[in-house]
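**Q** Numbering (my numbering), first residue to last: 984 to 1370. Idealized CB from N, CA, C, for every residue including glycine. Computed from a predicted model, the values in this text were never measured in an experiment.
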């Protein structure tokens, strides 16, 4: 007899395959495939900082395939004040950006109608429903888009806790590259790679110099956009106190994290840089850091992308491995043994992330530092290591 987990996985597979077949049929009916060099490409990618970081390998693949093309971006950040994808890339990477977070759809419609895009490349979020995909297709076609690729259906698991992840679950970055591979785009590599530009290095070095920071430091990132992804701030205080004797403590995050930054500064003497760094500056900061410890959030994705040794404290609301694959420089701490794990909706109680003890986070940080010592000098001020 099949177990609930086997039944859940079987139902998910049927939904995914059936929905994808429907999507492929609609795409063939509405859009043509590109047959020549694309001159003006529209990329549609939703989400904030973490979603943007995961899209970088796919964007690099597109740029390498069409080096002379002009690229534009259509995006929705999911909320005002969040980081857009184009803010991670060099200026001029996208010729034009339309962020419709706070704009009426009529303005988006006019914008699409007045541009002559040769191709739409869809980099869809995981879990987007089938009816939204079909609605999106109709809207883009009615707006004058003739060629489009990238329609991919990856449904939310239902029933949630019964549906176990596939044996080989791709990370978000790998999933987007798989979408492009289906259309003949072969990436050079599938790893996240970000490096700071010269202005960001200069600004960040000057900021650290003003704080007289001359010894190795650990970056703490206590913020997260979803409340169930936030480990309690008082535990970050304990982590900072545990590492303060050996390492300087730097707190990073957005303006919304300033209260947490002030608390860490007042209780541990940490250098509070919350709200003072843009994404490129944060990349520069993380290339200098000996260690990163933070929630499953945008800064954690940046740390992973630059190769900074990172401890990510994660809730268990999604499948393990969806965003991060642990490795030599990355330890992901989760509790997937709770009855409510893999709910795929989150909750105010945040029981799964609160179940991770301080001692486990400290031990993981010390493990990464020991690994780096065994390989060579600690990362820190003066280090120029990037991935």
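Across the segment 1226 to 1238 and the segment 1255 to 1267, are there enough close Cβ pairs to call them in contact, namely three or more that are closer than 8 Å?
**A** A contact exists between the segment 1226 to 1238 and the segment 1255 to 1267.
**Q** Would residue 1035 be called buried (16 or more neighbouring beta carbons within 10 Å of its own) or exposed?
**A** Under this definition residue 1035 is a buried residue.
**Q** Among 1218, 1147 and 1206, which has the Cα closest to the Cα of residue 1319?
**A** Closest option to residue 1319, Cα to Cα, is 1147.
**Q** For residue 1126, which residues from the same chain have a beta carbon less than 7 Å from its beta carbon, with the 5 sequence-adjacent residues on both sides left out?
**A** Answer for residue 1126: 1092, 1095 and 1096, listed in chain order.
**Q** Which same chain residues, not among the five before or five after residue 1370, have their C-beta less than 8 Å away from its C-beta?
**A** Note that residue 1370 scores a pLDDT of 32, beneath 50, so its modelled location is shaky; the value from the coordinates is reported in the next line. Hits under 8 Å: 1174, 1175, 1176, 1177, 1178, 1288, 1289 and 1290.
**Q** Give the list of continuous alpha helix (DSSP H) stretches no shorter than 4 residues that lie fully inside the segment 1059 to 1122.
**A** Correct list: 1088 to 1096.
**Q** What is the DSSP secondary structure of residue 1275, counted as helix, strand or coil?
**A** In the structure shown, residue 1275 sits in a strand (DSSP, three-state: E or B).
**Q** In or out: residue 1298 buried (at least 16 other Cβ within 10 Å) or exposed?
**A** Label assigned to residue 1298: buried.
**Q** Rounded to whole angstroms, how far is the Cβ of residue 1153 from the Cβ of residue 1161, which I believe are closer than 8 Å?
**A** Between residue 1161 and residue 1153 the Cβ distance is about 6 Å, and since that is below 8 Å, they are a contact.
**Q** Determine, using beta-carbon pairs with one atom in the segment 1012 to 1020 and one in the segment 986 to 998, whether at least three such pairs fall under 8 Å.
**A** In short, these stretches do not touch, since the Cβ pair count stays below three.
**Q** Three or more C-beta pairs under 8 Å: does that hold for the segment 1302 to 1311 against the segment 1252 to 1261?
**A** Touching, no, given that fewer than three Cβ pairs across the two stretches are closer than 8 Å.
**Q** Tell me, to the nearest whole angstrom, how far the beta carbon of residue 1313 is from that of residue 1296; I am working on the premise that it is less than 8 Å.
**A** That pair is no contact at about 12 Å.
**Q** Excluding sequence positions up to five away, which residues of its chain have a Cβ less than 7 Å from the Cβ of residue 1343?
**A** These residues qualify, in order along the chain: 1316.
**Q** Could you give the distance in angstroms between the alpha-carbon of residue 1347 and the alpha-carbon of residue 1276?
**A** In a straight line, the C-alpha of residue 1347 is about 9 Å away from that of residue 1276.
**Q** Tell me whether residue 1284 is buried or exposed, calling it buried when 16 or more other Cβ atoms sit within 10 Å of its Cβ.
**A** Buried: at least 16 other Cβ atoms inside 10 Å.
**Q** Straight-line CA distance for residue 1241 to residue 1204?
**A** C-alpha separation (whole angstroms): 11 Å.
**Q** What's the gap between the Cα of residue 1140 and the Cα of residue 995?
**A** Distance between the alpha carbons of residue 1140 and residue 995 is about 6 Å.
**Q** In whole angstroms, what is the alpha-carbon distance linking residue 1269 and residue 1171?
**A** Computed Cα separation, rounded: 24 Å.
**Q** Determine the DSSP secondary structure at residue 1321, reduced to helix, strand or coil.
**A** Here residue 1321 sits in coil by DSSP.
**Q** Where do the N-terminal and C-terminal ends of the beta strand (DSSP E) with residue 1147 fall, by residue?
**A** Note, residue 1147: premise wrong, no beta strand (DSSP E); not H, not E.
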